[in-house]
Amino acid sequence: GSISRGGESASGAPPCSGRKNEPLGPEAKQHFVSARAPEEEDRGGGERERESARARERRKNMFIQKAWRTAAFGLYGFTQFTKSGFVEHAKKFREEDMQIRLDGKNCLVTGANSGLGYATAQGLASHGATVYMLCRNKERGETALNEIRSKTGNMNVHLEICDLSSINEVKSFATKFSSLEKPLHVLVNNAGLLEHKRTTTPEGCWSSILL
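Going by the UniProt record's numbering, the sequence shown opens with residue 1, and the numbers climb by one from there.
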């Protein structure tokens, strides 16, 4: 057995009173902490390494997903929505579908003063539809309106001025159109906006989301 000398056992370990549930003294606590510190440090280091590995794996997966989506979108868009895509789909167009009359049908086209919106509005007007051209710029809208009326001979083509990036203007137009008590048979959401930088409307909304 060990012999206690001056408050220390022969083994050098802090003395124990032998009584159960007695709190450890400062020296005993320090000895206990020192014994556990390397073990806890190793365990903590291992956990940090595993978490770092998981983070690297997540970043790699995100990169792969982004690359795949970009490639898939680019390939699909090139084959479906470019001129070559249109030419390919045009082979399946049926002539009888292109001769359908739309007299009495109310059609609303946003962003109708240029591009696809203009072509859509003109196509609908040429088939006899009543067309509402929703445009932001009055001058360009009036020019497009007169051209479509002249080309199609359809005078049931109307210009409505509305900035679709403004919720208040959209609500105002919706109220105005509802007051006409006319059914809306076709809605073409053509107007769109995709900016590289985040821009907000006076109402604090993100422009790209609204359009």
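Where a beta carbon is used, it is the ideal one built from N, C-alpha and C, also for glycine.
**Asked** Do you know offhand how far Ala63's Cα is from His196's?
**Response** As a working note, residue 63 is residue 63 in the sequence shown. As a working note, residue 196 is residue 196 in the sequence shown. Correcting the residue identity first, residue 63 is Phe in this sequence and not Ala. Distance between the alpha carbons of Phe63 and His196: 20 Å.
**Asked** Which residues in the same chain have their Cβ closer than 7 Å to the Cβ of Glu127, if we skip the five residues on either side of it in sequence?
**Response** Taking the sequence shown and counting its residues from 1, one reaches residue 127 at position 127. It is His, not Glu, that sits at residue 127 in the sequence shown. For His127, where only same-chain residues beyond five positions count, the Cβ hits under 7 Å are Ile100, Arg101 and Leu102.
**Message:** Which residues does DSSP list as the beta-bridge partners of Asn137?
**Reply:** Within the sequence shown, numbered from 1, the residue matching residue 137 stands at position 137. BP columns for Asn137 are empty, so no partner.
**Prompt:** Where do the N-terminal and C-terminal ends of the alpha helix (DSSP H) with His89 fall, by residue?
**Reply:** Within the sequence shown, numbered from 1, the residue matching residue 89 stands at position 89. Taken as a continuous stretch (DSSP letters only), the alpha helix (DSSP H) holding His89 covers Lys83 to Ala90.
**Request:** Could you pull out every residue in the same chain whose Cβ sits closer than 8 Å to the Cβ of Asp97, ignoring the five residues on either side in sequence?
**Result:** Taking the sequence shown and counting its residues from 1, one reaches residue 97 at position 97. For Asp97, where only same-chain residues beyond five positions count, there are no Cβ hits under 8 Å.
**Item:** Within 7 Å, strictly: CB atoms of Ala72 and Cys107
**Value:** Taking the sequence shown and counting its residues from 1, the one referred to as residue 72 is at position 72. Taking the sequence shown and counting its residues from 1, the one referred to as residue 107 is at position 107. It is not a contact, given that the beta carbons lie outside the stated cut-off.
**Request:** Would you tell me roughly how many angstroms separate the C-alpha atoms of Glu135 and Ser114, rounded to the nearest one?
**Result:** Stepping through the sequence shown from its first residue, residue 135 is reached at position 135. Stepping through the sequence shown from its first residue, residue 114 is reached at position 114. Contrary to the premise, residue 135 reads as Cys rather than Glu in this sequence. Cα to Cα, the separation comes out at about 9 Å.
**Prompt:** Is DSSP giving Asn156 helix, strand or coil here?
**Reply:** In the sequence shown, the residue the question calls residue 156 occupies position 156. In this structure, Asn156 counts as coil in the three-state DSSP scheme.
**Item:** Spatial neighbours of Val170 in its chain, beta-carbon cut-off 7 Å, leaving aside the 5 residues before and after
**Value:** Taking the first residue of the sequence shown as 1, we reach residue 170 at position 170. The residues are Cys162 and Leu164.
**Message:** I'd like to know whether the C-beta of Asn189 is nearer than 7 Å to at least one C-beta of chain C.
**Reply:** Reference to chain C is not applicable here, since this structure consists of a single protein chain.
**Request:** Report yes or no: do three or more beta-carbon pairs, one from the region 117-125 and one from the region 144-162, lie closer than 8 Å?
**Result:** yes
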